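J.: The sequence shown begins at 92 in the numbering used here and counts up one residue at a time.
We treat Cβ as the ideally placed atom computed from N, Cα and C, and that holds for glycine.
These figures come from a predicted structure and were not determined experimentally.
Let me give you the structure first, and then I'll get to my questions.
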Amino acid sequence: MIFYQAHKLYIFPVVVAASSLILIIFVIYPQISSLLSNQKTQDETLGKISVLEAKAQALESYDPADLNLRVSYALNVYPAEKDFMTAIGILQKLTSKLGFEISSLALGSAGSNKLTNAQSFNIKLDITGPEAMLNKLLKDIESSPRLMRINSLEVNSSRQTGAGAAALVVDVLFAQAPSGFGSIDSPLPELSSKEQEIIQKLARFSSTAAQSVVKFGPRGKENPFE
Numbered sequence: 092m093i094f095y096q097a098h099k100l101y102i103f104p105v106v107v108a109a110s111s112l113i114l115i116i117f118v119i120y121p122q123i124s125s126l127l128s129n130q131k132t133q134d135e136t137l138g139k140i141s142v143l144e145a146k147a148q149a150l151e152s153y154d155p156a157d158l159n160l161r162v163s164y165a166l167n168v169y170p171a172e173k174d175f176m177t178a179i180g181i182l183q184k185l186t187s188k189l190g191f192e193i194s195s196l197a198l199g200s201a202g203s204n205k206l207t208n209a210q211s212f213n214i215k216l217d218i219t220g221p222e223a224m225l226n227k228l229l230k231d232i233e234s235s236p237r238l239m240r241i242n243s244l245e246v247n248s249s250r251q252t253g254a255g256a257a258a259l260v261v262d263v264l265f266a267q268a269p270s271g272f273g274s275i276d277s278p279l280p281e282l283s284s285k286e287q288e289i290i291q292k293l294a295r296f297s298s299t300a301a302q303s304v305v306k307f308g309p310r311g312k313e314n315p316f317e
């Protein structure tokens, strides 16, 4: 009692300060922390809702038929799988248009490019025709409505006739379709003006590619004994 009487001027402020500190640590701080956390969560949720609303509005403005056409244009030029018949048909059309004949044709092994994620298979051609048109043929192959590139070329020419024989290997490119397209709350990507121009070029190429598909079927009579 004597100690309290002697030090009450100091004890009371200490008790009040300690009580206030305990109140701040165990009551006020958790409440403020929870409030800030809830506010942050609410802001994030509102942000996601805003993105989803904008995404939904953008999707509603798209024409499904137009989107399907754009996808088909891209797949005609750069498909997601090996399209042997289309590639062979394009090569047959390009060679015959310039007066070349294909004496042999064989499919080669597949390959891949780690830098571009592109895969390829190759077609080996033995052709004969006018040597003067060979450079034109090579340019037409690499600018055809299907992504191709010349892998190798060997030429045997005849000065007397102007004809030549060539053995060339053509790499035909394709790439697997992506398995993921981003999270549901990520903004919807938009095509740039340059990408729109590419789509328009692909649209012009697609008609040529479609006409180049070769259909193989039975030849001669259906029943040879009739």
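Suppose you measure from the CA of I218 to the CA of V162; what does that come to, to the nearest Å?
T.: Locating residue 218 in the sequence shown gives position 127, counting from the first residue. Locating residue 162 in the sequence shown gives position 71, counting from the first residue. Each residue's alpha carbon lies about 34 Å from the other.
J.: In whole angstroms, give me the CA-to-CA distance for E233 and N213.
T.: Residue mapping note: residue 233 aligns to position 142 of the sequence shown, counting from 1. Residue mapping note: residue 213 aligns to position 122 of the sequence shown, counting from 1. Whole-angstrom Cα-Cα distance: 13 Å.
J.: Identify, in the order they occur along the chain, each residue of the same chain with its Cβ nearer than 7 Å to the Cβ of L238, setting aside the five sequence neighbours on each side.
T.: To locate residue 238, count along the sequence shown from 1; it is residue 147. Result list for L238: V168, Y169, L264, in chain order.
J.: By the DSSP assignment, the beta strand (DSSP E) with I214 in it spans what residues?
T.: The residue labelled residue 214 in the question sits at position 123 within the sequence shown. I214 -> beta strand (DSSP E) spans 209-221.
J.: Give every residue of the same chain whose Cβ lies closer than 7 Å to the Cβ of A266, excluding the five residues on either side of it in the sequence, and list them in chain order.
T.: Here residue 266 refers to the residue found at position 175 of the sequence shown. So the list reads Y169, A171, N208, A209, Q210, once near-sequence residues are dropped.
J.: Taking only the alpha-carbon atoms, compute the straight-line gap between I113 and L126 and give it to the nearest angstrom.
T.: To locate residue 113, count along the sequence shown from 1; it is residue 22. To locate residue 126, count along the sequence shown from 1; it is residue 35. Each residue's Cα considered, the two are about 19 Å apart.
J.: From the DSSP output, which residues share a beta bridge with L259?
T.: Along the sequence shown, one-based indexing puts residue 259 at 168. Paired residues: L216, L244.
J.: Compare the Cα-Cα distances from L198 to each of L185, K188, P221, K173 and report the closest residue.
T.: On the sequence shown, residue 198 is found 107 positions in, with the first residue counted as 1. For the residues L185, K188, P221, K173, the minimum Cα distance to L198 belongs to K173.
J.: With DSSP collapsed to three states, give me the class of F265.
T.: On the sequence shown, position 174 is the one that residue 265 refers to. F265 falls in the strand class under three-state DSSP.
J.: Using 8 Å as the threshold, is the C-beta distance between A254 and E245 below it?
T.: If you number the sequence shown from 1, residue 254 lands on position 163. If you number the sequence shown from 1, residue 245 lands on position 154. Cβ distance not < 8 Å, so A254 and E245 don't count as in contact.
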